[in-house]
Amino acid sequence: MGPWLWLAALAVLLALPAVLSGYVVTIFILIFFYGFLGQAWNIVGGYTGQLSVGHAAFVGIGGYTAAMLSIEAGLTPWIGMFIGGALAAVLGAIIAYLGFRFGLRGFYFVLLTVAFAEVCRILASNIDAIGGALGLYITFTGNPRQFQFQDQRAYYYVALALMMAATGVVAVIERRRFGIYLTAIREDEAACEALGVNTFKYKMLAMLVSSFLTGIGGTFYAYYLFSLQPSTVFGIPLSVEIIIRPIVGGAGTLLGPILGSFILTPLGELSRSYFGQGGMYGVHLIAYGVLLIAVVLFLPHGAYPYLTRLFGGRPRA
Amino acid sequence: MMAPLLEVSGLSKRFGGLQAVKDLSLAVAEGEIVGLIGPNGAGKTTAFGLISGFLAPDSGAVRFRGRSTLGLSPHELCALGMARTFQIMRPFPRLSVVRNVMIGALGRHADPRDAEARARAVLDELGLAAKSGQPAGSLTLAERKRLELARALATEPVLLLLDEVMSGLNEVETERLVEEVRAINGRGVAILLIEHVMRAVMSLAGRIVVLNYGERIAEGRPQAVANDPKVVEAYLGDESVGAAPA
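Order-wise, the sequence lines are chains A and B. All residue numbers for the first sequence refer to the working numbering, where the first residue is 467 and numbers rise by one. All residue numbers for the second sequence refer to the working numbering, where the first residue is 47 and numbers rise by one.
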């Protein structure tokens, strides 16, 4: 697809809030935000093929860091979000070092990432200084310096900017040696080593970039919802929300996470509110499950590669 | 005399109760082609794994370009100029053929455009240019063997370890690959060759090392090795056992 098409798509997204209702804007905010998180995960989970199911931990660390720095030290979350990202990257480095140095693959790496996220959740629940199990509540001031906005549409643009920035980062990585190596590591690590690729180094780097970006997302999470609870920001359900979009849309493709978010987020929100009204909470999870099974069975590489084939696009060289 | 390019001395590796390689010594000089042969299970591929850094030896030493390779990982050895192919080919199946070869070229050409140009040149040379855009998973066996060779070559090695690149090929394909290996060697690349296809080893190698049960049982020029009774015995079994008296 040509650059003009992308510019047109961007122009539409920029103009949309002017005509959409508040509820639809909310859904778009979530599409962008989960698209952003999915894109961040995509670097290590999609391109590199290292299945992290603990990315919620990075959201939690990023969110808690920015919120605590704001509450205790008066630091604006606009700066705190980068510090949160850096701390998330530190945790990412620890997890990656343990996993990759000791050669954990497949299920074992999955378990390691889940275990780290769970440890974070339990720790956060038990440290009273950061709110314990109740978590942190952020007082609404509506002050943009405090990452708070009176108008919903401001969050829309921030979330859109986050998603675009992460996609830009991935687009750059994809073109460089780093990104080309990542796709080969996903296919066969031993062959990579034989061809001179320092697989450990590049897997570490992938995790660092991915956890840093995800950590930045934590600040948005905190200041969009005005609260942080250990059970939600560090929980397995959030990790699943993060990975399911790129998998459905096409892991290891530039637009897969975004497409996946456009498919799944409205579906999740609509079924959540529809079934929630009838008191049937959690039914949206069943919808997710069914969709995931369908994707794995019929589109094992995700929706995006399928669509590009359908419209006569050619696979990249 | 100059030290050989590759010098293996007293190399041993045991897997549980199996002594896969025992006290193996061999050397490859610059620009030389050495064949490593032996019956199935003789330890040839294990020896390759030890030399190329994929396996750690129990004892013994490997020196490459005058330095010990102890503790070096495969990618470090590759950067030093040693490249290997795998007996069980390991293409990146979802990546295109040219991408596969680029992975090898990127080590010395960090800019993907340079690496791609280098990869295309290697593909041209090995007659795979027409397949560059295809996913590697779609290649035939013979093409995948060539791809394996192309990727290793793209790392610009001074020593190439080839693990059965001819096996499973028909005669025409084998003939062609023998010529290509000879051409690669002609440009000064030393080659250590594991091969089951005897005709190929005999015509390529200047010197042959024969392994049996992990041990070197013979070494020498191809004709001498082929007529060595110990080698014949290793391949055909002990003729005196259960055989009628002559």
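We put the CB at the ideal spot given by N, CA and C, even for glycine.
Give me the subset of the stretch 147-158 of chain B whose CB atoms are less than 7 Å from a CB atom of chain A, sorted by chain position.
Hits within the stretch, in order: M148, I149, G150, L152, G153, A156, P158.
In the DSSP assignment, the alpha helix (DSSP H) including M670/A goes from what residue to what residue?
On the first sequence, residue 670/A is found 204 positions in, with the first residue counted as 1. Annotation for M670/A: the continuous alpha helix (DSSP H) segment containing it runs 665-691.
Work out the CA separation of M135/B and Q434/A for me, nearest whole Å.
In this structure chain A extends from 467 to 783, so residue 434/A is not present and cannot be described.
Could you check what DSSP says for I588/A in three-state terms: helix, strand or coil?
Start at 1 with the first residue of the first sequence, and residue 588/A comes out as number 122. The DSSP-derived three-state label of I588/A is helix.
Residue nearest to G183/B in terms of C-alpha spacing, selected from V235/B, V108/B, P139/B
If you number the second sequence from 1, residue 183/B lands on position 137. In terms of CA proximity to G183/B, P139/B leads the group V235/B, V108/B, P139/B.
Apart from the five residues on each side of it in sequence, which residues of its chain come closer than 6 Å, Cβ to Cβ, to K68/B?
In the second sequence, counting from the first residue as 1, residue 68/B sits at position 22. Within the same chain, K68/B has close Cβ partners S58, G260, E261.
Under 7 Å Cβ-Cβ, which residues of chain B neighbour V663/A?
Within the first sequence, residue 663/A is the residue found at index 197, counting from 1. Within chain B, the residues near V663/A are H121, I149.
Taking one C-beta from the stretch 77-85 of chain B and one from the stretch 244-255 of chain B each time, how about it: are there three or more such pairs within less than 8 Å?
Yes, they touch.
What's the call for E538/A, buried or exposed, on a 16-neighbour Cβ count within 10 Å?
As a position in the first sequence, residue 538/A is number 72, starting the count at 1. Exposed, by the Cβ-count rule.
Residues in its own chain within less than 8 Å of I709/A by CB, not counting five upstream and five downstream?
Translated into the one-based positions of the first sequence, residue 709/A becomes position 243. These residues qualify, in order along the chain: G504, W507, G511, L517, S518, V519, H521.
Please identify the residue among R228/B, T186/B, P203/B whose C-alpha is closest to the C-alpha of N216/B.
Sequence index remark: in the second sequence, residue 216/B carries index 170 (1-based). With respect to the C-alpha of N216/B, the residue from R228/B, T186/B, P203/B having the closest C-alpha is T186/B.
Contiguous beta strand (DSSP E) assignments of at least 3 residues, all confined to the stretch 525-588 of chain A:
Runs found: none.
Could you confirm whether any beta carbon from chain A is found closer than 8 Å to the beta carbon of A165/B?
Position 119 of the second sequence, counted from the start, is the residue given in the question as residue 165/B. No, A165/B lies away from the interface with chain A (no Cβ there is under 8 Å from its Cβ).
Just confirm the distance between the C-beta atoms of F94/B and I240/B, as a whole number of angstroms; I'd bet it's less than 8 Å.
To locate residue 94/B, count along the second sequence from 1; it is residue 48. To locate residue 240/B, count along the second sequence from 1; it is residue 194. Between the beta-carbon of F94/B and that of I240/B there is about 6 Å, and that keeps the pair under the 8 Å contact cut.
Neighbour flag for A783/A against chain B, beta carbons, 8 Å
The residue you call residue 783/A lines up with position 317 of the first sequence. Low local confidence applies: a pLDDT of 39 at A783/A is under 50, so the model's placement there is unreliable, and no value is given.
Would you call the stretch 728-747 of chain A in contact with the stretch 680-696 of chain A, where contact means no fewer than 3 C-beta pairs closer than 8 Å?
Flag = no, the stretch 728-747 of chain A and the stretch 680-696 of chain A do not touch.
To the nearest angstrom, how far is it from the Cα of E735/A to the Cα of H750/A?
As a working note, residue 735/A is residue 269 in the first sequence. As a working note, residue 750/A is residue 284 in the first sequence. Take the alpha-carbon of E735/A and the one of H750/A: they are about 8 Å apart.
From the DSSP output, which residues share a beta bridge with Q65/B?
For the purposes of this step, residue 65/B is taken as residue 19 along the second sequence, with counting starting at 1. In the DSSP output, where bridge partners are listed per residue, Q65/B has R60/B.
With DSSP as the reference, label L776/A as helix, strand or coil.
In the first sequence, counting from the first residue as 1, residue 776/A sits at position 310. In this structure, L776/A counts as helix in the three-state DSSP scheme.
Does DSSP put M128/B in a helix, in a strand, or in coil?
Taking the second sequence and counting its residues from 1, one reaches residue 128/B at position 82. Strand at M128/B.
What do you reckon, are the CB atoms on L602/A and S697/A nearer than 8 Å?
For the purposes of this step, residue 602/A is identified with residue 136 of the first sequence, where counting begins at 1. For the purposes of this step, residue 697/A is identified with residue 231 of the first sequence, where counting begins at 1. Contact: no.
Rounded to whole angstroms, what's the CA-CA distance from G744/A to W472/A? Just pull it up for me.
Numbered from 1 along the first sequence, position 278 holds the residue referred to as residue 744/A. Numbered from 1 along the first sequence, position 6 holds the residue referred to as residue 472/A. Spanning the two alpha carbons is a distance of roughly 40 Å.
Pick out the complete beta strand (DSSP E) segments inside the stretch 147-220 of chain B, 3 residues or longer, and give them in chain order.
Restricted to the stretch 147-220 of chain B, the beta strand (DSSP E) segments that are unbroken, complete and at least 3 residues in length are 205-209, listed in chain order.
Count the other CB atoms within 10 Å of the CB of V478/A; is the residue buried (16 or more) or exposed (fewer)?
By 1-based counting over the first sequence, the position of residue 478/A is 12. It is exposed - the Cβ of V478/A has fewer than 16 other Cβ atoms within 10 Å.
Against chain A, does S286/B count as a neighbour if the rule is that its beta carbon must be under 8 Å from one of theirs?
Translated into the one-based positions of the second sequence, residue 286/B becomes position 240. Residue confidence is low: S286/B scores 45 on pLDDT, short of 50, so the model does not pin down where it sits. Its coordinate-derived value is still stated next. Interface with chain A (8 Å Cβ-Cβ cutoff): S286/B is excluded.
Kindly indicate the opening and closing residues of the alpha helix (DSSP H) around F498/A.
Position 32 of the first sequence, counted from the start, is the residue given in the question as residue 498/A. Counting along the chain, F498/A sits inside the alpha helix (DSSP H) bounded by residues 488-507.
Thinking L720/A and E640/A are a contact (beta carbons under 8 Å), I'd like their distance in whole angstroms, please.
The residue given as residue 720/A occupies position 254 in the first sequence. The residue given as residue 640/A occupies position 174 in the first sequence. Beta-carbon to beta-carbon, L720/A and E640/A are separated by about 6 Å, close enough to satisfy the 8 Å threshold.
Can you tell me which of S487/A, G748/A, P723/A puts its alpha carbon nearest to the alpha carbon of G634/A?
By 1-based counting over the first sequence, the position of residue 634/A is 168. Of S487/A, G748/A, P723/A, the smallest CA-CA separation from G634/A is found for P723/A.
Can you list, in chain order, the residues of its chain whose CB lies under 7 Å from that of L621/A, leaving out five sequence neighbours each side?
By 1-based counting over the first sequence, the position of residue 621/A is 155. Rather than Leu, the amino acid found at residue 621/A in this sequence is Tyr. Sequence-distant partners of Y621/A (beyond 5 residues in either direction) whose C-beta falls short of 7 Å from its own C-beta, in its chain, are I495, F615, Y690.
6 Å Cβ shell around Q133/B - same chain, five flanking residues per side excluded
Residue 133/B sits at position 87 when you count from the first residue of the second sequence. Taken in chain order, the residues that qualify are T91, D209, E210.
Hey, is R643/A's beta-carbon within less than 8 Å of any beta-carbon in chain B?
Translated into the one-based positions of the first sequence, residue 643/A becomes position 177. Proximity of R643/A to chain B, defined by a Cβ-Cβ separation below 8 Å, is satisfied.
Answer with buried or exposed for S727/A, where buried requires no fewer than 16 other C-beta atoms within 10 angstroms of its C-beta.
Here residue 727/A is taken as the residue at index 261 of the first sequence, counted from 1. By the neighbour-count rule (16 or more Cβ atoms within 10 Å), S727/A is buried.
Cβ-Cβ separation, G526/A to F700/A (assumed contact under 8 Å), whole Å
Locating residue 700/A in the first sequence gives position 234, where the first residue counts as 1. Locating residue 526/A in the first sequence gives position 60, where the first residue counts as 1. That belief holds up - the Cβ atoms of F700/A and G526/A are roughly 4 Å apart, short of 8 Å.
Is I495/A near the ligand HEM, with its Cβ less than 7 Å from a heavy atom?
No copy of the ligand HEM occurs in the structure displayed, which carries no ligand at all.
Of the listed residues V143/B, G62/B, E162/B, P181/B, nearest to L195/B (C-alpha basis)
Mapped onto the second sequence, residue 195/B falls at position 149. L195/B has its Cα closest to that of V143/B, out of V143/B, G62/B, E162/B, P181/B.
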